[in-house]
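Undergrad: Numbering follows UniProt numbering, with no gaps: position 87 of the sequence shown is 87. No residue lacks a Cβ here, since even glycine has one placed at the ideal position from N, Cα and C. These figures come from a predicted structure and were not determined experimentally. What follows is a structure written as structure tokens; I'll ask about it next.
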Amino acid sequence: MTAKEAADRIVGALGKVDGLRPATPVSPETTWLPVDWAGLAVDLGPDLVQVRVIATRLPIPPLLDQAAEAVRPVLAGTRWAQARLRLVVTDLDGAAFG
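Pasting the structure below:
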């Protein structure tokens, strides 16, 4: 599995967790660029897989547990299977307070 395929699968797994979404560096003036914006939220290293997310619900700890449960199987059998998984909440969407 390539790094891009792994990142795509990780983003897909996060899509199943209601309350989290990938943190992407999209700004209005760059949305026309043909870039995999969601994949930019994933960093794959030999010892660490880091995924940046935005929380859209509270409380955050159970969401992160669900995300870890969704992402770990994606990494099984890959070169990142033994890497630590770090989920970083970079922002809290205002909808979380509604």
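1. Based on DSSP bridge pairs, tell me the residues matched to arginine 86.
2. So, are the CB atoms of alanine 55 and valine 89 less than 7 angstroms apart?
3. Roughly how many whole angstroms lie between the Cα atoms of leucine 92 and valine 17?
4. Would the beta-carbon of tryptophan 80 fall within 7 angstroms of that of valine 49?
5. Put leucine 58 into one of helix, strand or coil per three-state DSSP.
6. Take alanine 6 as the anchor and find which of Ala96, Asp65, Leu85 and Leu75 has the nearest alpha-carbon.
7. According to DSSP, what are the bridge partners of aspartate 43?
TA: With the given structure in hand:
1. DSSP, once it has assigned bridges, lists Gln50 as partnering arginine 86.
2. A contact, by the Cβ cut-off of 7 angstroms.
3. Those two C-alpha atoms are separated by around 15 angstroms.
4. Contact flag set, yes.
5. If DSSP states are grouped into helix, strand and coil, leucine 58 belongs with coil.
6. Residue Leu75 is the option with its Cα nearest to alanine 6.
7. The partner list for aspartate 43 (beta bridge, DSSP) reads Gln50.
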